[in-house]
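Taken in order, these protein sequences are the chains called A and B. Residues in the first sequence are numbered from 1 upward in steps of one, following this note's numbering. Residues in the second sequence are numbered from 195 upward in steps of one, following this note's numbering. C-beta: ideal position from N, C-alpha, C; glycine also.
2 protein chains.
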Amino acid sequence: MPKLGAEPIRRAALVKATIETVGEAGSLEVTVAQIARRAGMSSALAHHYFGSKEQIFLAAMRAILTLYGAEVRGALAAADPGPESRLRAIIAGSFSPGSFRREAISAWLNFYVLAQTNPEAMRLLRVYQRRLRSNLQHELRPLVGGRAEAVARGLGAMIDGVYIRAALAENAPDRCYALEIVNEYLNRELEVRS
Amino acid sequence: MPKLGAEPIRRAALVKATIETVGEAGSLEVTVAQIARRAGMSSALAHHYFGSKEQIFLAAMRAILTLYGAEVRGALAAADPGPESRLRAIIAGSFSPGSFRREAISAWLNFYVLAQTNPEAMRLLRVYQRRLRSNLQHELRPLVGGRAEAVARGLGAMIDGVYIRAALAENAPDRCYALEIVNEYLNRELEVRS
DNA sequence: GCAAGTTTATTGACTCGTCAATCAACAAAA
DNA sequence: TTTTGTTGATTGACGAGTCAATAAACTTGC
Numbered sequence: 001m002p003k004l005g006a007e008p009i010r011r012a013a014l015v016k017a018t019i020e021t022v023g024e025a026g027s028l029e030v031t032v033a034q035i036a037r038r039a040g041m042s043s044a045l046a047h048h049y050f051g052s053k054e055q056i057f058l059a060a061m062r063a064i065l066t067l068y069g070a071e072v073r074g075a076l077a078a079a080d081p082g083p084e085s086r087l088r089a090i091i092a093g094s095f096s097p098g099s100f101r102r103e104a105i106s107a108w109l110n111f112y113v114l115a116q117t118n119p120e121a122m123r124l125l126r127v128y129q130r131r132l133r134s135n136l137q138h139e140l141r142p143l144v145g146g147r148a149e150a151v152a153r154g155l156g157a158m159i160d161g162v163y164i165r166a167a168l169a170e171n172a173p174d175r176c177y178a179l180e181i182v183n184e185y186l187n188r189e190l191e192v193r194s
Numbered sequence: 195m196p197k198l199g200a201e202p203i204r205r206a207a208l209v210k211a212t213i214e215t216v217g218e219a220g221s222l223e224v225t226v227a228q229i230a231r232r233a234g235m236s237s238a239l240a241h242h243y244f245g246s247k248e249q250i251f252l253a254a255m256r257a258i259l260t261l262y263g264a265e266v267r268g269a270l271a272a273a274d275p276g277p278e279s280r281l282r283a284i285i286a287g288s289f290s291p292g293s294f295r296r297e298a299i300s301a302w303l304n305f306y307v308l309a310q311t312n313p314e315a316m317r318l319l320r321v322y323q324r325r326l327r328s329n330l331q332h333e334l335r336p337l338v339g340g341r342a343e344a345v346a347r348g349l350g351a352m353i354d355g356v357y358i359r360a361a362l363a364e365n366a367p368d369r370c371y372a373l374e375i376v377n378e379y380l381n382r383e384l385e386v387r388s
């Protein structure tokens, strides 16, 4: 029962299924057949559209990073003016419900591991790391001047750390709790007067 | 040419080889044969001593956590008296050269992933997470009182984050740089007077 | 001392399952 | 009839775990 124009739908379904499957399994050791079954098709079709398992993973990683980027941009667009508001928005965006969900977080962790071996995955990651750092620094400069770089670094590390903790937590990830930790750190940094 | 009393030597060699192999490959998708070859024996012998690949990984994880614990304890024993010194010692211990080395960091990251699926790995991790948190809190209480819990959380997340960053960095992990970020955070928290 | 028997160390060869990737074939739309 | 979608069946490789066989070291009873 072939419907025309299926390609984009199939690809999207496979990407979604990949994130879910990797998230649930908590591991990249999932089979193409598992992913394809969840996406409602045969493994042959998955190969037809993506060519290889590696490409399926990369597409899924791209989707995760795209979603993340969109959420940060969205939060920024909706933010009140002024550097501090925008800073808080970037942070809140980093823990948006879309990205900060069990499956997605677990997939994140696994894609970090993928980036250790796959140059293309690493490239993707770098793009987003750089974008985040530059966003943070840009808003921090008017607030903390020369310390902007150091604080941006600290915030980046903190966000990563909170993600990891969420991936390993037994209870469901708690947005508010995560935000509290990171915002608390920012409070301290902004308090400094000198 | 069997030498008697080989078991402990073989086991240690396998554990070491496992950490190296996983670290270099940047992935748990390494074969028992690879590990065994690196440890200078046949894969059959690895199975003979550990029973399964999973057990080999767990033994390696135990070794990593044991080393980490020893380094923190060592730093603490050598620390000047007083809560702040001890706090700094715990942090410095967390980035001791033994634990904070490319291979080991990469292995850490992979063991995090393992803990997502393996209950025993999770158990091990929890023991060490709890110990770290309780150590930090104990020293923080006299310094920041009621905020001890929150600050300990923040420090824990930060340390994890810095490890992840090191795992994904292109240059070799830099102890001083890592310490700077975490100590900087602690400075801010200790600065607060209220 | 030492032969016979036991325990420990060690491996090459094998089994058996799994899985990525391919392909031939079929179905429907254009 | 060409293009697009789709799959069941198959291939080929790889890898965990097993096993039988070998060899050296210890033990025991003499």
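Quick one: is residue i buried, meaning 16 or more other Cβ sit within 10 Å of its Cβ, or exposed?
i, result
"T18 of chain A", "buried"
"A44 of chain A", "exposed"
"P367 of chain B", "buried"
"A46 of chain A", "buried"
"E383 of chain B", "buried"
"T31 of chain A", "exposed"
"I35 of chain A", "buried"
"N110 of chain A", "buried"
"R324 of chain B", "exposed"
"N312 of chain B", "buried"
"S27 of chain A", "buried"
"E191 of chain A", "exposed"
"E71 of chain A", "buried"
Give the DSSP-derived three-state secondary structure of residue i in the structure shown.
i, result
"T311 of chain B", "helix"
"G145 of chain A", "helix"
"A169 of chain A", "coil"
"F111 of chain A", "helix"
"R327 of chain B", "helix"
"D274 of chain B", "coil"
"P291 of chain B", "coil"
"A89 of chain A", "helix"
"V192 of chain A", "coil"
"L155 of chain A", "helix"
"S224 of chain B", "Reading off the sequence shown, one finds Val at residue 224 of chain B, where the question assumed Ser. If DSSP states are grouped into helix, strand and coil, V224 of chain B belongs with coil."
"S106 of chain A", "helix"
"A6 of chain A", "coil"
"D354 of chain B", "helix"
"Y237 of chain B", "Note that residue 237 of chain B is Ser in the sequence shown, not Tyr. Helix, per DSSP."
"G245 of chain B", "coil"
Kindly say whether residue i, judged by its beta-carbon, lies nearer than 8 Å to any beta-carbon of chain A.
i, result
"Q228 of chain B", "no"
"V216 of chain B", "no"
"G287 of chain B", "no"
"S221 of chain B", "yes"
"R325 of chain B", "no"
"E297 of chain B", "no"
"Y379 of chain B", "yes"
"V307 of chain B", "yes"
To which residues of the same chain is residue i closer than 8 Å at the C-beta, ignoring the five residues directly before and after it?
i, result
"Q310 of chain B", "M316"
"R369 of chain B", "F289, P291 and F294"
"I203 of chain B", "none"
"L114 of chain A", "L28, F57, M61 and A121"
Just to confirm my understanding: we take residue i, look at its own chain, exclude 5 residues before and 5 after, and list those with CB closer than 6 Å. What are they?
i, result
"Y262 of chain B", "S293"
"Y185 of chain A", "M158"
"Y128 of chain A", "L65"
"V144 of chain A", "V151"
"A59 of chain A", "V15"
So with Cβ pairs under 8 Å, would you call residue i a contact of chain B?
i, result
"M61 of chain A", "no"
"Q55 of chain A", "no"
"T31 of chain A", "no"
"I181 of chain A", "yes"
"I164 of chain A", "yes"
"S134 of chain A", "no"
"G174 of chain A", "It should be noted that the sequence gives Asp, not Gly, for residue 174 of chain A. No, D174 of chain A lies away from the interface with chain B (no Cβ there is under 8 Å from its Cβ)."
"Y49 of chain A", "no"
"M41 of chain A", "no"
"N171 of chain A", "no"
"T117 of chain A", "yes"
"S106 of chain A", "yes"
"Y128 of chain A", "no"
"G220 of chain A", "Only positions 1 to 194 of chain A appear in the structure, and residue 220 of chain A is not among them; the question remains open."
"E189 of chain A", "yes"
"G154 of chain A", "yes"
Leaving out the 5 sequence neighbours to the left and right, which residues in its chain are closer than 7 Å to residue i when beta-carbon positions are compared?
i, result
"I105 of chain A", "Y163, A166, A167 and P173"
"T215 of chain B", "V224, Q228, I229 and R232"
"R133 of chain A", "A152 and G156"
"G74 of chain A", "G93"
"A169 of chain B", "Summary: the structure shown does not reach residue 169 of chain B, with chain B confined to residues 195 through 388, and so no result is reported for it."
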